[in-house]
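Listed in order, the protein sequences are those of chains P and R. Per numbering that gives the first Met the number 0, residue 0 is the first one in the first sequence, and the count goes up by one each step. Per numbering that gives the first Met the number 0, residue 0 is the first one in the second sequence, and the count goes up by one each step. Glycine included, C-beta positions come from ideal geometry on N, C-alpha and C. Small disclaimer: the values here were computed from a predicted structure and weren't measured.
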Amino acid sequence: MIGMTAGAVGADTLVLRNGRRAECEVLGFSAEAVRIRRGGGEQRDVRLADLDYVEFGELAGEEEAKRKAVAMRSATPLIVYWVKRQVWLGRPRSPAGELGLLYAGLLLAEATPDRMERARKVYEQIEAGDWSAERRGRAKAGRLRLLIRQGKVEEARPEAERLLKESEDPRVVIELRQVLADAAAEQLRVLVAAHPRWEEEEGIRVERGRWFHEALSGYLHGHVFHGAEEDLAARGLWAAVQLYAGAGEREAARACAEDLVKLYAGAAEASAATGWLVEEEEKEKEGGRRTGEVRKEER
Amino acid sequence: MLMTRVLMGGEVRGAGAGGAGKGEDLTAEELVAAGRAAFERGEFGEAEARFGQLVEDYGENETVAGLIEGIRPMQAMCRIKAGAFEEALGLVDGALAQEKLAAVAREELSFWRGICLLQTGETAVAQEQFGAYFAKPEHDRTRRYEAFLLFASGYLQLDDPAGAAEFLEEQIPKLPADQGEVAGRATVLLLHSLMEAGRMGAAVGLVRRSFPRLEGMTQVLSFQLLTLQLGAERLEAGKAYEAITCLNRLWGRDRLLGHQRKKLEEWRGRRERLRAEGARRETLVFQVDGVIARIERELGEFEKVASYDASLRLRQAQAFMELERWREAGMILDAAVEGLEADGVVEQAALTALDCWGRCGDDGRLLAAADRYLEVFGEHGRGDHVPEALFARGEALRGMERMEEAERAFGDVANDWPEHGLAARAMLMGGICQLESGREEAGLQTFEALRKRFRRGPLHEDAAFWEAMALSFLRRYEEAEKAMDGYLKAYPDGRYAGDALFEKGRTLHNRMRHAEAVPVFAMFLKRHGENRQAGDARLLYGESLLAIGEMERGLKELRAVPVEEVRLHEAAVFKEGEALGKLERWEAVREHFAKFVREHPRSARLAEAVHEQARAAAKAGQLEKARELVRAVVLQSGDDAGAEGVEDVLLGMARLYRGVEATRALQGWMEKEAGGARKAGKKTLALRLEWARGHLVSGEERTLARSLWFGLRELLDPAVHDPRMILDCAEAWREMKGYPVARGLYEAVRKWHPRSAEKERTALGMGLIAQVEGKEDEALEWFERCVAESVSGVAAAEAQLETAVIERGRKRYGAAMETLAKVTGSRLASSRQKARALLELGRCAQLAGDAARAAGHFQRCYLSGGKWKESAAEARWQHGRVLEEMNDEAGARAVYRELVERRDLAGQPAVQAAKERLKAMGGAA
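Right under this line is the structure:
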């Protein structure tokens, strides 16, 4: 029997082949049965032959932990839940992989070498063991994104391009496009660092433009073609805001941020965009005030 | 379903023998049993026949009345199955009137009553019936939720969509988890109701919330078509975000059709299974029948919808265009063109994509979109809009600085579609490309041709103006003036009238026809005071006024040049200073430039102003004051890296300190102040002083200079400091074999000062380092780059000399000599470099076996470049050697002797070699 889940609160539901449903706490699986506990009472086994699927419920505090983790941009609140969930990675309909992707993504948000290594392991685990082909694809994309964060663009890019040709799942496609956008953004960063006066250099201007536009199109792909995948679309749109802002194109950045707030209000990035827009407005007002003061002085 | 048994103590047979249907003589009970059996098998026609026979044969028999009453519900169902709802309704009502009717039967019949009422047009009553049925949780689950849906749709049929929406919004969340199919159908109804009720915002919200459940929705086609309709309506209403929300949640045609066809098969299979289970599944069969009918109808209607995908994509693009999100719209349109069949709609999408990419400045995508249009629609010029695509191609290429290709694209439009609306503009753009790539003559011809070809077109004006401008760029000022006059006559209020008037004045000014220039500039400033060239005009106007002696007016105009136009303002200040100088008002000049220095310490012309200030002081006999002024500026601004003119001020100081003593005093001052600056942490000031001191001594004390520049390393910040200082430091390190540091400094100049005129020195330096390290191929690449980047020509000549050395080493004598010929033929190469080139030419010729030519080169080297001792001595020595090869021993001896006798060459190694050779030849050394 694998995967004893101490601490769960009986929030799982067994759906049998005869249509009956039973709320219980799933304790583990063997080759032939699933062991459950109902109402805090005795444990019993249900034959897998009778089972259609399991609807895994939330663990106690899991929803709150996710909210906190996203708000704080920190993976720490999710550690214990990932540890508990990962044993169910291969079980059909298990949400373990989705949690794992969120966890790994947040590890990358605070990218120390240790966290990047931990994220890599999580991605590899999901890539190898998740029941969902879509999530395995997204884990692959996550691993490639990690390579780019480590500066290994030349290693990540060809693999992402190859996977893009093979993938049809919209969420995987979005992730891979964002990986390629990250690669282009990294190339852009390296180019601008090596040529800080790129506007004055023939040849470099055009190359810089190529990377810039490639990154932008990659980030916007989810928003443009798969806007219903709100979390991923919002993530790409926020990356576009940051790219535009970094390039000094404030108007375009503002437009993207407004789109993010209007179309993906529920996404975590929407609050970041709202905050950014407020800051921009303040800066503009401050700039206007200073111009007014200078003019006053000149008079 | 219903089982009613009447036990009458015996069988009851029908009155009249042989009266039973089918020629059988069945008892009432047998008829009931047969009818029931047929009913339960779903053979409703057979069942009805049996029941009919029962009524016919035994209807008069009161003992059978109970049996007959018992079969009424089944009879009613048979009528319903036969679609005879009005008759069925009577039977149902009759059955329901029976007091003893079983509860189960009553329940079922009350549901079917609603169906009959609905089918007979009694919509309101039907809705009440369904409402009452649904209100009872104990009723059969399947029927109850079917009643729920029928109740809701009753609102719509009664033209009360708001009521339907309110009911469904309240009830859908309460539907149990096992009623997913019902919830899906209810959601479709709700969306329809919300739209009909005009509650579009709520409808959009519903679309958004429902998207994750789309896969499980039976009527997904209906839902999606409603969503498309909603999206279109939101777009029409100017609510682009809501439109996008809807349109983003639409599947493509193939996916929708595939999904629904699969669903249809599943439902049909389910129906067959239910039918096989008999009449007890009748309600479910009825329900499934309805679902199948709806899916079939949906599929039938959807298959007729033409260009669904194209229509969806275009609406999406339109929504983004409403928001001016050109990139997003372009991406959608590009995908549409790539993925859809090439029809008229898609062609329009391809053209719109060009517009979008043009607006967002992504030249790469614009080029790709233009090429895509041409590939798909441009075959044999078939597409109506090939010229537009070619024009867009030209614009993209111009944006990517591929001027020649851009010019070709524009030329294709102008030449292959001469009647097209874009032809003239294409010609104009072609001419602009020619001007931008420095081919003014070609541009001139193009504009002239454009003007002649399109005499009446809207671009005739542009052509006339740009033709005149091209003449001006070519410095054909007289023709340019005439051309501008021609333009102004034809277009006195034209778009370029101001620019043309300014340019006319400028051509007069350039030819020093100031008296004629003055009224032109006056008119320009009066009529076109807001023109972007007003500042330039005022400056030139002021200059012209001064030139014709109108001092006060001239100075007034110069002072009116706006401060914000830095370059022009500074030029005006210097012009004013010059005018004061001409009047020999030296104190005024000094004060004038002192004010400039105070107010513009970061000006690039700081050195010039300081020089003028000092010159004025010196003219007034105040040399020490002049020196003091300059020293003050250096100390005040020297530590500010942003004050770009300080380096030139320092280099110019030598002019105020002529003579050995004065120079020594200046050196001393620089050394002292540099030391103080270092201690005070004023790195930039220390850097500049030590660097300038190096230049001061470099003529006489090269080693000291190099040592000073070597030591600049720790003070340098390549991002902000003058590239000349960085390069002098780099070269000092290179000469001291500190190659990694030197290389780093050269790279820093290329990185931080890519436009610097000094850039050529970095390429030369990198090449020399590579050469020393034995990386000849890399060295050659750098030398080639140096020649390409060279502005002054000096570094280029040096690079060519080193290139020749490498070529010579590789025995490529012809290539080496060709390179060296460029040096000797260059106006920009110094005489030292030419002397060295001649020496190298001699060596190459000698190695190539052409002794006579070698002799000629060596002789020219020491005759024309005699002051360059090292190469002159070496050339004489080599000349002697070559003469020996040619068996001219006497000639060789003469050359050697001359070399030995020249005192100015006494220390050269070649002299000792000549002495030894003469001794060996037996002559006097």
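>> If you follow the beta strand (DSSP E) that Leu827/R is in, where does it begin and where does it stop?
In response: For the purposes of this step, residue 827/R is taken as residue 828 along the second sequence, with counting starting at 1. Note, Leu827/R: premise wrong, no beta strand (DSSP E); not H, not E.
> Should Leu846/R go down as buried or exposed, given a rule of 16 or more other Cβ atoms within 10 Å for buried?
Replying inline: In the second sequence, the residue the question calls residue 846/R occupies position 847. Exposed is the call here.
> What residues from the segment 363 to 385 of chain R come within 7 Å of chain P, judged by C-beta to C-beta, listed N to C?
Replying inline: Gly363, Arg364
>> So if DSSP puts Lys54/P in a beta bridge, which residue, or which two residues, is it bridged to?
In response: As a first step, residue 54/P must be located in the first sequence, where it is residue number 55. Correcting the residue type first, residue 54/P is Glu in the shown sequence and not Lys. Glu54/P is bridged to Thr12/P.
> Buried or exposed: which applies to Pro722/R, given that a residue is buried once 16 or more other Cβ atoms fall within 10 Å of its Cβ?
Replying inline: Position 723 of the second sequence, counted from the start, is the residue given in the question as residue 722/R. Per the 10 Å Cβ criterion, buried.
> Is Lys750/R close to chain A, meaning its C-beta is less than 9 Å from at least one C-beta of that chain?
Replying inline: Annotation note: the requested chain A is absent from the structure, which comprises protein chains P and R.
> Which partner residues does Asp44/P have in the DSSP bridge list?
Replying inline: Counting from 1 along the first sequence, the entry for residue 44/P is found at position 45. DSSP, once it has assigned bridges, lists Arg34/P as partnering Asp44/P.
> If we count the other Cβ atoms within 10 Å of its Cβ and call it buried at 16 or more, is Ala214/P buried or exposed?
Replying inline: Translated into the one-based positions of the first sequence, residue 214/P becomes position 215. It is buried - the Cβ of Ala214/P has at least 16 other Cβ atoms within 10 Å.
>> Suppose only complete runs of 4+ residues qualify. What are the alpha helix (DSSP H) ranges in the segment 753 to 817 of chain R, listed by chain order?
In response: 758 to 771, 775 to 788, 793 to 808
> Quick one, which of Arg142/R, Leu421/R, Glu406/R has its alpha-carbon nearest Ser436/R's?
Replying inline: Reading the second sequence from its first residue, position 437 is the one you call residue 436/R. Nearest option by C-alpha distance: Glu406/R.
> Is there contact here, the segment 805 to 814 of chain R with the segment 840 to 859 of chain R, by at least three beta-carbon pairs under 8 Å?
Replying inline: yes
>> Are the CB atoms of Gly93/R and Arg71/R within a distance shorter than 9 Å?
In response: The count along the second sequence starts at 1 and reaches residue 71/R at position 72. The count along the second sequence starts at 1 and reaches residue 93/R at position 94. Cβ distance < 9 Å, so Arg71/R and Gly93/R count as in contact.
>> According to DSSP, simplified to helix, strand and coil, what is Phe453/R?
In response: Along the second sequence, one-based indexing puts residue 453/R at 454. Residue state, collapsed to three classes: coil.
> DSSP three-state call for Ala21/P: helix, strand or coil?
Replying inline: Translated into the one-based positions of the first sequence, residue 21/P becomes position 22. If DSSP states are grouped into helix, strand and coil, Ala21/P belongs with the strands.
> Just to confirm, are Arg248/R and Ala227/P a CB contact at a threshold of 9 Å?
Replying inline: Along the second sequence, read from residue 1 onward, the residue named residue 248/R stands at position 249. Along the first sequence, read from residue 1 onward, the residue named residue 227/P stands at position 228. It is a contact, given that the beta carbons lie within the stated cut-off.
>> Closest to Ile431/R by C-alpha separation, out of Phe472/R, Phe453/R, Ala202/R, Glu418/R, would be which residue?
In response: Residue 431/R sits at position 432 when you count from the first residue of the second sequence. Out of Phe472/R, Phe453/R, Ala202/R, Glu418/R, Phe472/R has the C-alpha closest to the C-alpha of Ile431/R.
> What is the DSSP secondary structure of Leu582/R, counted as helix, strand or coil?
Replying inline: As a first step, residue 582/R is located in the second sequence; it is residue number 583 there, counting from the start. In this structure, Leu582/R counts as coil in the three-state DSSP scheme.
> For Thr506/R, does the three-state DSSP call read helix, strand or coil?
Replying inline: The residue labelled residue 506/R in the question sits at position 507 within the second sequence. Thr506/R falls in the helix class under three-state DSSP.
> Cα-Cα, which of Glu759/R, Gly813/R, Phe84/R is closest to Ile114/R?
Replying inline: As a working mapping, residue 114/R is identified with position 115 in the second sequence. Among Glu759/R, Gly813/R, Phe84/R, the Cα nearest to that of Ile114/R belongs to Phe84/R.
> Hey, quick one: how far does the alpha helix (DSSP H) through His720/R stretch, first residue to last?
Replying inline: Here residue 720/R is taken as the residue at index 721 of the second sequence, counted from 1. Here His720/R belongs to no alpha helix (DSSP H), and DSSP marks it neither H nor E.
> Cα separation between Phe301/R and Thr217/R?
Replying inline: The sequence position of residue 301/R within the second sequence is 302, counting from 1. The sequence position of residue 217/R within the second sequence is 218, counting from 1. In a straight line, the C-alpha of Phe301/R is about 15 Å away from that of Thr217/R.
> Taking all protein chains shown into account, do 16 or more other C-beta atoms lie within 10 angstroms of the C-beta of Pro94/P, making it buried, or fewer, making it exposed?
Replying inline: Position 95 of the first sequence holds residue 94/P. Flag for Pro94/P reads buried.
> Going by Cα to Cα distance, which pick from His419/R, Met468/R, Arg78/R, Gly456/R is closest to Arg438/R?
Replying inline: Here the question's residue 438/R lines up with position 439 in the second sequence. Arg438/R has its Cα closest to that of Met468/R, out of His419/R, Met468/R, Arg78/R, Gly456/R.
> In the structure shown, what three-state DSSP assignment does Leu26/P receive?
Replying inline: Here the question's residue 26/P lines up with position 27 in the first sequence. Looking at Leu26/P - three-state DSSP - the assignment turns out to be strand.
> Per DSSP, what kind of secondary structure is Thr26/R in: helix, strand or coil?
Replying inline: In the second sequence, residue 26/R corresponds to position 27, counting from 1. Reduced to three states, the DSSP call for Thr26/R is strand.
>> Between which two residues does the alpha helix (DSSP H) holding Leu539/R run?
In response: Counting from one through the second sequence, the residue named residue 539/R turns up at place 540. From DSSP, the alpha helix (DSSP H) with Leu539/R extends over 533 to 546.
> Within 9 Å (strictly less), CB to CB, does Val205/P reach chain R?
Replying inline: In the first sequence, residue 205/P corresponds to position 206, counting from 1. Taking Cβ atoms only, chain R reaches closer than 9 Å to Val205/P, which makes this a yes.
>> Can you check whether the C-beta of Asp11/P is within less than 9 Å of a C-beta belonging to chain R?
In response: Indexing the first sequence from 1 puts residue 11/P at position 12. No, Asp11/P does not count as interfacial toward chain R.
>> On the criterion of 16 or more Cβ atoms from any shown chain inside 10 Å, does Glu394/R qualify as buried, or is it exposed?
In response: As a first step, residue 394/R must be located in the second sequence, where it is residue number 395. So Glu394/R counts as buried.
> What is the rounded straight-line gap between the Cα of Leu246/R and the Cα of Met71/P?
Replying inline: One-based indexing of the second sequence puts residue 246/R at position 247. One-based indexing of the first sequence puts residue 71/P at position 72. Rounded to whole angstroms, Leu246/R to Met71/P spans 33 Å at the Cα level.
>> So Tyr132/R and Phe166/R are supposed to be a Cβ contact under 8 Å. How far apart are they, rounded?
In response: The residue labelled residue 132/R in the question sits at position 133 within the second sequence. The residue labelled residue 166/R in the question sits at position 167 within the second sequence. Rounded, the Cβ-Cβ distance is 15 Å, inconsistent with contact.
>> By the three-class DSSP mapping on this structure, what secondary structure does Leu622/R have?
In response: For the purposes of this step, residue 622/R is taken as the residue at position 623 of the second sequence. Note: Leu622/R maps to helix in three-state DSSP.
>> If you follow the alpha helix (DSSP H) that Gln241/P is in, where does it begin and where does it stop?
In response: Here residue 241/P refers to the residue found at position 242 of the first sequence. Run containing Gln241/P: 229 to 245, per the alpha helix (DSSP H) assignment.
>> Between which residues of its own chain and Leu47/P is the CB-CB distance below 7 Å, once the five residues before and five after are set aside?
In response: Walking along the first sequence from the start, residue 47/P turns up at place 48. Counting only Cβ-Cβ distances below 7 Å, and skipping sequence neighbours, we find Glu31, Ala32, Val33.
>> What would DSSP say about Tyr144/R, mapped onto helix, strand or coil?
In response: On the second sequence, position 145 is the one that residue 144/R refers to. Helix at Tyr144/R.
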